[in-house]
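Undergrad:
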Amino acid sequence: MFTAAILLTISAFVTKIALADDCSTCRNLISNFIRGLDNTASGSFSGGNTLWEEKTLVDYAVSETRFHSVIDNVCEKSQFQCQKVLHEVEPLLDEWWTKVFRKTPGKMENIEKEICIEGARLCCPANSYGKECLPCSPCSIFGGHCDGNGTRLGDGTCVCRTGYAGVNCDTCNTQTHFQSASSTDDVVVCERCHSSCEGGCDGPTASDCKACASGWFSKPNNVGSFDCVDVNECESDPCMRNQYCKNTEGSYECRLCSVECDGCTGPTNENCLKCSQGFTLIDGRCEDINECETEPPPCSRPGEVCINKKGGYQCDCKLGWNKVQGLCRPKDATGDSLSELLVETETNQRSEL
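Letter by letter, the sequence shown follows residues -20 to -1, 1 to 333 in mature numbering (1 follows the signal peptide of the UniProt record, and there is no 0).
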């Protein structure tokens, strides 16, 4: 059973997602509205002469007909979230159309602000957050972003990008990153330590680590410090039969041998320890044996044809023959001819012994 506290938390989380969606949906809706205006810019009512069309073209540009033509296409019918927000902002758009657009057609630079921010109060201006659109802290100029930036949500705290730390995300996470030489007094640039490092570093190489991560070992260097060197786990032969070991930085991978190989040291048929059944060594590579070319031929019963396959072969019936009771027989063969075929097959088998 859910406790009241859990239900309240879930409810608050769902509400937060819905509000965030309302803001982004409103902004997308306005983008679609502007695109619709662009697409209908050359539209007009149907007319019969040039003077009438010039007059009606101007009339159409600011008409309710054009407005509703654009509004009808800003959302797909299946987009519930868009339809919900449109229901809320359509009266605001209608008012904007009448009071702003009709007076100065083409003036659209503030439409998102007037509809989504000031009208419906679904969003905030950039670098502000929350119900009252309070100013964000300056962390966005460093290594983070303001929680709720541009929406009616969040608490304005700095959410640091990977590698950054501090209240304003203006320092580096010293466990994984170091401060780059390209940093200035105003901007801190954090770069990731080498993958061999554990517990931080002073620079970008395997020689700058505080300590070596798992899969690496420390090796003294000629400057009185140490380098982190990759452990070659493949030297201990950790993989199973018909696998070969591929060493990677800080680890290893076991990969399947080629089908031609019975044991291998690498990925191709040139790396086989020995050849699998159905293959033979030719010029240092395990190649398929064409059993269909061997003597005696493996598919010698009446109507049979040999099909070579990788590592083996298959006996099929030749064209015009069908397999019946494990034997190939002509498609138009009768019961008597099938009996004769069985006798012929037995005779051939005895002669081969």
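No residue lacks a Cβ here, since even glycine has one placed at the ideal position from N, Cα and C.
So C119 and N148 are supposed to be a Cβ contact under 8 Å. How far apart are they, rounded?
TA: The sequence position of residue 119 within the sequence shown is 139, counting from 1. The sequence position of residue 148 within the sequence shown is 168, counting from 1. The Cβ separation is near 5 Å, so the contact holds.
Undergrad: Whose C-beta lies closer than 7 Å to the C-beta of A186 among residues of the same chain, with five residues either side of it excluded?
TA: The residue you call residue 186 lines up with position 206 of the sequence shown. Cβ within range, chain order: H174, S176, D207 and C208.
Undergrad: Run through DSSP, which three-state label would T5 get?
TA: Residue 5 sits at position 25 when you count from the first residue of the sequence shown. Note: T5 maps to helix in three-state DSSP.
Undergrad: In whole angstroms, what separates the C-alpha of S49 from that of T78?
TA: Counted from its first residue, the sequence shown places residue 49 at position 69. Counted from its first residue, the sequence shown places residue 78 at position 98. Going from the Cα of S49 to the Cα of T78 covers about 15 Å.
Undergrad: Tell me whether T84 is buried or exposed, calling it buried when 16 or more other Cβ atoms sit within 10 Å of its Cβ.
TA: Position 104 of the sequence shown, counting from 1, holds the residue named residue 84. Exposed is the call here.
Undergrad: What number of angstroms, rounded off, separates the C-alpha of D1 from the C-alpha of E68?
TA: One-based indexing of the sequence shown puts residue 1 at position 21. One-based indexing of the sequence shown puts residue 68 at position 88. Their Cα atoms are separated by approximately 14 Å.
Undergrad: Pick from E250, L9 and C189: whose alpha carbon is nearest that of G264?
TA: In the sequence shown, the residue the question calls residue 264 occupies position 284. The shortest C-alpha separation from G264 is found at E250.
Undergrad: Taking C-alpha atoms, which residue in S238, Q305 and T5 lies nearest to I95?
TA: Position 115 of the sequence shown, counting from 1, holds the residue named residue 95. Of the listed residues, the one whose Cα sits closest to I95 is T5.
Undergrad: Consider the Cβ of L114: report whether some Cβ of chain B lies at a distance smaller than 9 Å.
TA: Going by chain labels, chain B is absent from the structure shown, which holds only one protein chain.
Undergrad: Considering Cα atoms alone, identify which of G86, S58, E44 and M88 is closest to D74.
TA: The count along the sequence shown starts at 1 and reaches residue 74 at position 94. Ranking the options by Cα distance to D74, first place goes to E44.
Undergrad: Which residues in the same chain as A21 place their Cβ atom closer than 8 Å to its Cβ, once the five residues preceding and following it in sequence are excluded?
TA: One-based indexing of the sequence shown puts residue 21 at position 41. For A21, where only same-chain residues beyond five positions count, the Cβ hits under 8 Å are A41.
Undergrad: For the beta strand (DSSP E) containing L73, list its first residue and its last residue.
TA: Locating residue 73 in the sequence shown gives position 93, where the first residue counts as 1. Careful: L73 lies outside any beta strand (DSSP E), inside the alpha helix (DSSP H) at F60 to W76.
Undergrad: Could you pull out every unbroken beta strand (DSSP E) segment of at least 3 residues lying fully inside the segment 212 to 260, listed in chain order?
TA: Listed in chain order, they are 223 to 228 and 231 to 236.
Undergrad: Is the separation between the beta-carbon of L253 and that of G283 shorter than 9 Å?
TA: Residue 253 sits at position 273 when you count from the first residue of the sequence shown. Residue 283 sits at position 303 when you count from the first residue of the sequence shown. No. Outside cutoff.
Undergrad: Spatial neighbours of G243 within its chain, please: CB distance less than 8 Å, with the 5 preceding and 5 following residues excluded, ordered by chain position.
TA: Locating residue 243 in the sequence shown gives position 263, counting from the first residue. Cβ neighbours of G243 beyond the five flanking positions: R221, N222, C237, C252, L253 and K254.
Undergrad: Beta carbon of N107, beta carbon of N90: below 9 Å?
TA: Position 127 of the sequence shown, counting from 1, holds the residue named residue 107. Position 110 of the sequence shown, counting from 1, holds the residue named residue 90. Not in contact: N107 and N90 (Cβ atoms no closer than 9 Å).
Undergrad: Under a Cβ-count criterion, where at least 16 other Cβ atoms within 10 Å of its own Cβ denotes burial, should L66 be classed as buried or exposed?
TA: Translated into the one-based positions of the sequence shown, residue 66 becomes position 86. Result: buried.
Undergrad: By alpha-carbon positions, which one of I14, V239 and D312 ends up nearest to K289?
TA: What you label residue 289 is simply residue 309 of the sequence shown in a count that begins at 1. Selected option, being the one with the closest Cα: V239.
Undergrad: In three-state terms, what does DSSP make of L17?
TA: Numbered from its first residue, the sequence shown carries residue 17 at position 37. In the structure shown, L17 sits in a helix (DSSP, three-state: H, G or I).
Undergrad: Mapping DSSP to helix, strand and coil, what is C189?
TA: Walking along the sequence shown from the start, residue 189 turns up at place 209. Three-state result, C189: strand.
Undergrad: Find out if the Cβ-Cβ distance for the pair C170, G204 is shorter than 9 Å.
TA: To locate residue 170, count along the sequence shown from 1; it is residue 190. To locate residue 204, count along the sequence shown from 1; it is residue 224. No.
Undergrad: L114: which of T131, K57 and T164 sits nearest, CA to CA?
TA: Here residue 114 is taken as the residue at index 134 of the sequence shown, counted from 1. Of T131, K57 and T164, the residue nearest in Cα terms is T131.
Undergrad: Under 8 Å: do the segment 196 to 203 and the segment 212 to 219 share three or more Cβ pairs, one atom per stretch?
TA: Touching, no, given that fewer than three Cβ pairs across the two stretches are closer than 8 Å.
Undergrad: Could you check what DSSP says for P200 in three-state terms: helix, strand or coil?
TA: On the sequence shown, position 220 is the one that residue 200 refers to. Three-state DSSP puts P200 in a strand.
Undergrad: With L206 as the anchor, note down where its beta strand (DSSP E) starts and where it stops.
TA: Looking up residue 206 in the sequence shown gives position 226. As written in the sequence, residue 206 is Phe, which differs from the Leu given in the question. Run containing F206: F206 to D210, per the beta strand (DSSP E) assignment.
Undergrad: Give the DSSP-derived three-state secondary structure of I95 in the structure shown.
TA: Here residue 95 corresponds to residue number 115 of the sequence shown, with the count starting at 1. Residue state, collapsed to three classes: helix.
Undergrad: Taking all protein chains shown into account, decide if A161 is buried (16 or more other Cβ within 10 angstroms of its Cβ) or exposed.
TA: The residue you call residue 161 lines up with position 181 of the sequence shown. By the 10 Å Cβ count, A161 comes out exposed.
Undergrad: DSSP three-state label for K79, please.
TA: If you number the sequence shown from 1, residue 79 lands on position 99. Helix, per DSSP.
Undergrad: Just list the residues that DSSP pairs I262 with in beta bridges.
TA: Walking along the sequence shown from the start, residue 262 turns up at place 282. DSSP lists R265 as partners of I262.
Undergrad: How should E267 be labelled, buried or exposed, when 16 other C-beta atoms within 10 angstroms of its C-beta is the threshold for buried?
TA: Counted from its first residue, the sequence shown places residue 267 at position 287. E267 should be labelled exposed.
Undergrad: Between which two residues does the alpha helix (DSSP H) carrying F158 extend?
TA: Translated into the one-based positions of the sequence shown, residue 158 becomes position 178. It is not in any alpha helix (DSSP H) - F158 instead sits in the beta strand (DSSP E) that spans H157 to Q159.
Undergrad: How would you write the range of the beta strand (DSSP E) that I287 sits in, first residue to last?
TA: One-based indexing of the sequence shown puts residue 287 at position 307. Looking at the DSSP string, the run of the beta strand (DSSP E) that includes I287 is E284 to K289.
Undergrad: How many Å lie between V167 and N53 at the Cα?
TA: Locating residue 167 in the sequence shown gives position 187, counting from the first residue. Locating residue 53 in the sequence shown gives position 73, counting from the first residue. The alpha-carbon atoms of V167 and N53 are separated by roughly 45 Å.
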